[in-house]
Structure formats: structure tokens, C-alpha cells
Amino acid sequence: MAPPEEKYPSLVSDVYPGIDPSKFKGIHNGKVVFVTGGATGLGLEAAKAFAASGASVFIGARRMPQLEAAKAEIEKLGGKVGIASVDVTNYESLKAGVAAAVELFGHIDIVLANAGRYPDTQKKMGDYDPEDWVSCMNANVQGAFLTFHATLPELIKAKNGYFIVLSSSLAQTRVPGESAYNIAKHAVNRLAEWIDIEYKKDGIKAFAIHPGAVLTDVSRELQETTFKGIPIFTQSPKLFAWTAVRLTSGSEDWLSGRFFDSTWNLDEVAKSKSKIIDQDALKNRLAMPI
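First residue of the sequence shown: 1, per the UniProt record's numbering; consecutive thereafter.
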């Protein structure tokens, strides 16, 4: 007898009814969102979405000219925003950024650890420049942990805090030449699980989110080289942004500690809530022979 057919959620590439921005107007009134790597790309799109949902937004990134441009863009849309130069691999830099956010807005309720990096090249582990491989780990894994550690006191004070870390579908794959990035994103999935395990009692929820295949400054070079002539990065950055808004609205707290793919229709995933909870699904697993 054939095994029962698994029904996967529909895949989406842009904003759909379940994350329609009109549904979330004012949902984050009074909330403060701290975003790393928020001056461009996915981080900026998420910052704009949170601002549109009523939150005050504080962006940390390395380059001040890009930060100033992001600030102006969000303010033009009517949002409240603060900025600071922040290096997520430097704990003192992160603590200073958090202090600046608290000084400006009084508290932090939601953290988006968006900053990270993709290696300069794709190659076998032995062919990597060790510094490039380790740099990918530092930006993605160390950066996410330090961001959590620096913001943790504020998330505990919030009593209903949220921590989102940017993951990738590559966290669940084994692609030759992609060891640094794949391992790094696999690790941040585990980080979200651990935050849920250790800080659920403090009201903190954590999600590791794949944003979709989005054309950004990082992926543009891949599109023009590795995937030249093959349209890969075709999904809207708004898909990730408004998924993040919904996940921090309180309706999907049951997904805390789990990996979520923004290209999954969240309404359909929610219908499998009981099954996901019962099977402790959407978490990293070691498969043993049966």
C-alpha cells in the first residue's frame, strides 16, 4: 500500500490575503522593533512593514549613508524611526545600538536579526579561504546570537517579546560548495529552538524564517553568475516583511521555536496546527533508521 499523500501548503511569491497589509494596520501600535541589517533589502522592507503596522522602528547597520537614506524613506511614509551604526559581530557595538534604541523609544518589543552574509564564492570546504568561511559563520551565527544576547533584557521586560532570525531554505539542504552558508543557517534554526526552550517562560517567542528567493544586493551577483539566464530570485521582499508582521501579531505564537518558510501560505499551515504541535514538526531532526 502506498504511503498517504502529504498535502503541502500552497507556495506564494508575493503578498496574499493572509498577510494583506490592511489587516495589520495599527496591530503594533506602541511597539518598538529593533532591526539589524535594516538599511537595505529585506531588512528595510521589513522595517517599512513594521512601521506601517504602527511600530516605532530602530535600524542598526554598518553604513551610515544607507542608514540615513532608509530613515528618510520610512519617515516619508509616516513612520517613526531611529538609526545607529551597528556591527553584529561586535558585542559592544550591538549593546550601544540597543542602548540608543531604548534611549529614543523607551523599550524594545520585537527583534529582527536580519544581518548576515553570503560567502564570496562557492567551493569545496578545503578550497575556501578559511577566513571567508569563518566570516560567514560569524556574521550569521555569532551575529544572531549576539543580537539576541544584547536585546534579551529588553525582551524579558516586554513580557511578550519576539525574536526573528533570518534563515534560509538552504538550511535544510546539502548543496556542494555551500557548506558555510548552509551550516550557518542550519545553526540559526537551532538558535530559535533554543530561545523557545529557555525563554518561553519569559514570554519570548522565536522564529527562524526563510524569506523566499528575493533579489537583493547579496543575491544579485548569484543571479548574474551562478544562475545566469535562469530566473531564480523572483519573489517579493514584501512576502517576508508581512509574514514577519503576522508572526509577531500574536496569532501564530504556537509556531515559536520553529522554522517557517515565507513562501508557504500561512493560512494553510495554520490548519495543520494540531499536527505540527503533536509531531513537534518544523524543527531540526536527526533521522534514525526504523
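Built from N, CA and C at the ideal position, the CB exists for glycine as well.
Notebook entry, point to check: What does a CB cutoff of less than 6 Å around Gln235 pick up in its chain, not counting 5 residues either side in sequence?
Noted result: Around Gln235: Ser13, Gly212, Ala213, Val214.
Next item on the list: Return the CA-CA distance between Val175 and Ser169, expressed in angstroms with no decimal places.
Entry: In this structure, the straight-line span from the alpha carbon of Val175 to that of Ser169 is close to 11 Å.
Next item on the list: Identify, in the order they occur along the chain, each residue of the same chain with its Cβ nearer than 8 Å to the Cβ of Ile19, setting aside the five sequence neighbours on each side.
Entry: So the list reads Leu239, Trp242, Thr243, Val245, Arg246, Leu266, once near-sequence residues are dropped.
Next item on the list: Go ahead and pull the three-state DSSP assignment for Ile108.
Entry: Coil.
Notebook entry, point to check: On the three-state DSSP scale, how would you describe Lys205?
Noted result: Here DSSP, grouped into helix, strand and coil, assigns Lys205 to strand.
Checklist line | CA nearest to the CA of Thr121, picked from Asp87, Phe24, Ala180, Asp280 | finding: Nearest option by C-alpha distance: Ala180.
Notebook entry, point to check: In chain order, what residues of the same chain have a beta carbon less than 6 Å from the beta carbon of Ala198, not counting five sequence neighbours either side?
Noted result: Here residue 198 turns out to be Glu, not Ala, going by the sequence shown. Around Glu198: no qualifying Cβ.
Checklist line | Thr263, buried or exposed, once every other Cβ within 10 Å from all chains shown has been counted against 16 | finding: Counting Cβ neighbours within 10 Å, Thr263 comes out buried, since at least 16 surround it.
Next item on the list: Could you check the C-alpha separation between Lys123 and Trp133 for me, to the nearest Å?
Entry: Approximately 10 Å, taken between the alpha carbons.
Next item on the list: Decide yes or no for the touch test of the stretch 27 to 35 against the stretch 277 to 289: beta carbon pairs closer than 8 Å, at least 3 of them.
Entry: Here the stretch 27 to 35 makes no contact with the stretch 277 to 289; the two share fewer than three CB pairs at distances below 8 Å.
Notebook entry, point to check: What number of angstroms, rounded off, separates the C-alpha of Asp196 from the C-alpha of Gly177?
Noted result: Spanning the two alpha carbons is a distance of roughly 31 Å.
Checklist line | The beta strand (DSSP E) enclosing Phe34, as first and last residue numbers | finding: Per DSSP, Phe34 belongs to the beta strand (DSSP E) from 32 to 36.
Check: Which two residues bound the contiguous beta strand (DSSP E) that contains Phe24?
Finding: Run containing Phe24: none; DSSP gives neither H nor E here.
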